[in-house]
Structures are given as C-alpha cells and as structure tokens.
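**Student:** The number in the working numbering is simply the position in the sequence shown, starting from 1, with 265 added.
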Amino acid sequence: MFANTKNLLKKAQRGKYAVGHFNINNMEIVQGIVQAAQNFKSPVILATSEGAIKYAGMNFLYEIANTAASLSKVPVALHLDHGRDMKVIKQAIKIGYSSVMFDGSNLPFEKNVRMTKKVVRMAHKKGISVEAELGTIGGVEDTVISRNIVYTDPIKAQEFVERTGCDFLAVAIGTSHGAYKFKGNATLDITLLKEIVKNVTVPLVLHGASEVPHDIVKMAEKYGAQLKGVKGVPDSEVRKAVRNGICKINTDTDLRIAFDAAVRQFLKKKPKDFDPRHILSPARDLITKVVEDRMKVFGSKKRG
Ligand SMILES: [Zn+2]
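1) DSSP three-state call for Ala-342: helix, strand or coil?
2) Is any non-hydrogen atom of ligand 1 found closer than 7 Å to the C-beta of Gly-497, if you look at the structure I gave you?
3) Would Leu-545 be called buried (16 or more neighbouring beta carbons within 10 Å of its own) or exposed?
4) Threshold first: 3 residues or longer. Then list the beta strand (DSSP E) segments lying entirely within the segment 431-510, N to C.
5) For Ser-364, report the span of its beta strand (DSSP E) as first-last.
6) Can you name the residues that DSSP bridges to Val-395?
7) Can you find at least 3 beta carbon pairs, one from the segment 505-520 and one from the segment 273-291, that sit closer than 8 Å?
8) Could you tell me whether any non-hydrogen atom of ligand 1 is closer than 7 Å to the CB of Asp-346?
9) DSSP puts Lys-513 in a beta bridge; with which residues?
10) How long is the line joining the alpha carbons of Gly-361 and Asn-291, rounded to whole angstroms?
11) Does the distance from the CB of Ile-402 to the CB of Ser-441 come in under 8 Å?
12) Classify Met-266: buried if its beta carbon has 16 or more other beta carbons within 10 angstroms, exposed otherwise.
13) Given this structure, state the Cα-to-Cα distance separating Ala-474 from Val-353, to the nearest angstrom.
14) Comparing the CB of His-543 with every heavy atom of ligand 1, is any distance shorter than 7 Å?
15) Do Ala-277 and Pro-468 come within 8 Å of each other at the CB atom, strictly closer than that value?
16) Per DSSP, Leu-311 forms a beta bridge with which residues?
17) Rounding to the nearest angstrom, what Cα-Cα distance links Ser-363 and Lys-496 in this structure?
Structure representation (structure tokens):
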C-alpha cells in the first residue's frame, strides 16, 4: 500500500523538512532507496519518468515499488515524474500511483492551466494528488529538454495554483536537470523562493538539485567514466531551500552516477566474475549510501 504523497508533503511543510523523490528504473535501485529510508526511518517517494516506463514498463515498476512499499515500515509513495503524455498519465491514475506530475512548463500559461486542471480533475476523483510546474527548469532529463531557465513568477504562481487546484508546485529558482548543470557556482534564488512561499500555500518542489557528489564522480572516473564538467548543487544551497519552504526534492542524476561508479569499480577489480548478482550488489549498496546522504540534507530522518 502506497502512502499519500499530498499528506507526506503537508507534514513536511509543517515540520520544515523535505521528502526525497528518487527516480527508479529497476529492482536494485528500488531496493537501494527503500533500504536507506528504512535505515533512516524516513518517508520516501519513488518516481518513474516516462523514460523509465518506456524502459521497464509501468506494470513492472509499479509491482516492484508496491512490493517494496508493503515490506517497508516507513511510508513509501509512488509518483509519475514529468508526465507529458496524457495516455501515460491516465494509465498511472488507473493503476493506482500515489501522485502524478503534469509537466506543462513548455506550454503557454493558459494552456498549462487548462491541461493541469484536466489532470487534477481526473486524479482527484481517485484520491491521487497532482504536481504541476510553472517556470522552466533547464537542462536535460530523459525526454524533457529545456535550454533556458525561466524563473517562476510569484504572482502568476498564485493564480496558477488557485485556478488549477494542483496539490504541489514545481518551481524554477535556478536549478537545472542533469549532471552538467552549471558553468560557474550554482546559487539558488532564495529571495524569489520566499516571494513564492508568501503567495502560494501548497508545498513546493525542487527539481534538478542533485549534488553530483565529488567522491563518487572521482570513483567513476578512476574506473573509466568520462564525466568532465559535471557539477551539481552544493548541499548548503539545498539546505537553504528546505529552510525556506521546499518540501519535495527530486533526485535522479546522483543515483545514476552512483550506480555507474559501483558497476565500473566491480568489473575492473573482478574481471573474472560475471555473476550479475555480484556485479549489481555494490551498486545497490552505493545507492543506499547516496540516498542516506540526501536524506540528511533534506532533514527527513526519523520523520517516517
Ligand atoms: Zn524534473
């Protein structure tokens, strides 16, 4: 049984911490994430992008996540990340996700309002909550590509939330998707975040805030990865965002780099071992460590 995402985030809003949203693609990633949540007694949101669904199939990911949720003592929610295809959104609502995101950030304002409203109506009928996005988070994430960051307008955000009835809102305050986020130092516009919080009562979501941990990048590079130029958001900036009202933080890139680093290290160190279980176990363990590190920064420990 999945937890209700809206309830998790309302609780986080009151407690001034953020719940981690972690993208899943396979069983090892799900197990690694949920193990961290258990170890830390933290609530957790598992998320599938349209790309992940294309790779593994929604039914497979749903069942893996559902099994993890029923075996775990902490609240586990299942969320559709960056839904743009109405068919996929409808399927997620039907199968019983905890929440879906409708990403209309690439649409003109009025069309974004109209489409988000439509998704809200469908989802709420089944008790499923809806994340919407206003402004554009830059960078590349699976099938979602935006070259520019358009910062969220606080006045428009208020109007958007009131008219659509969305349950939480993804805002653009300077983060960017992917591993190649910034040329200079990443700084988030906390003044803008404060303005949005004044105008909008629903919990706010931060995308594109992976840390891209230096030690794990170094580990991946040591065993052959070519990651020159990768750069994430410093923990200090993420902590500031959480203190100022961010309640859900999406993480994908950090997990990918961890998985990659662990697999590379194993294959290089044990060239004679070809057992997939031996190859993937260290990846699963490193995912747990990375998720624990994120949960520390988000402040969600012992909140489950
Ligand atoms: Zn995103």
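All residues carry an ideal CB built from backbone N, CA and C; glycine is no exception.
**Tutor:** Let's see:
1) Looking up residue 342 in the sequence shown gives position 77. DSSP places Ala-342 in strand when its eight states are reduced to three.
2) As a first step, residue 497 is located in the sequence shown; it is residue number 232 there, counting from the start. No, the beta carbon of Gly-497 sits no closer than 7 Å to any heavy atom of ligand 1.
3) The sequence position of residue 545 within the sequence shown is 280, counting from 1. Per the 10 Å Cβ criterion, buried.
4) 433-436 and 469-471
5) Counted from its first residue, the sequence shown places residue 364 at position 99. That run of the beta strand (DSSP E) goes 364-367.
6) For this step, residue 395 is matched to residue 130 along the sequence shown. Per DSSP, Val-365.
7) yes
8) Taking the sequence shown and counting its residues from 1, the one referred to as residue 346 is at position 81. Asp-346: yes, Cβ under 7 Å from ligand 1.
9) Position 248 of the sequence shown, counting from 1, holds the residue named residue 513. For Lys-513, which the question treats as bridged, DSSP gives the partners Val-284 and Val-470.
10) Walking along the sequence shown from the start, residue 361 turns up at place 96. Walking along the sequence shown from the start, residue 291 turns up at place 26. Approximately 19 Å between the Cα atoms of the pair.
11) As a working mapping, residue 402 is identified with position 137 in the sequence shown. As a working mapping, residue 441 is identified with position 176 in the sequence shown. Yes.
12) Counting from one through the sequence shown, the residue named residue 266 turns up at place 1. The residue in question, Met-266, is exposed, as its Cβ has fewer than 16 Cβ neighbours within 10 Å.
13) Within the sequence shown, residue 474 is the residue found at index 209, counting from 1. Within the sequence shown, residue 353 is the residue found at index 88, counting from 1. Approximately 25 Å, taken between the alpha carbons.
14) Mapped onto the sequence shown, residue 543 falls at position 278. False, no ligand heavy atom lies under 7 Å from that Cβ.
15) For the purposes of this step, residue 468 is taken as residue 203 along the sequence shown, with counting starting at 1. For the purposes of this step, residue 277 is taken as residue 12 along the sequence shown, with counting starting at 1. Contact flag set, yes.
16) For this step, residue 311 is matched to residue 46 along the sequence shown. Its beta-bridge partners are Phe-287 and Leu-343.
17) The sequence position of residue 363 within the sequence shown is 98, counting from 1. The sequence position of residue 496 within the sequence shown is 231, counting from 1. Using only the alpha carbons, I get a separation of about 32 Å.
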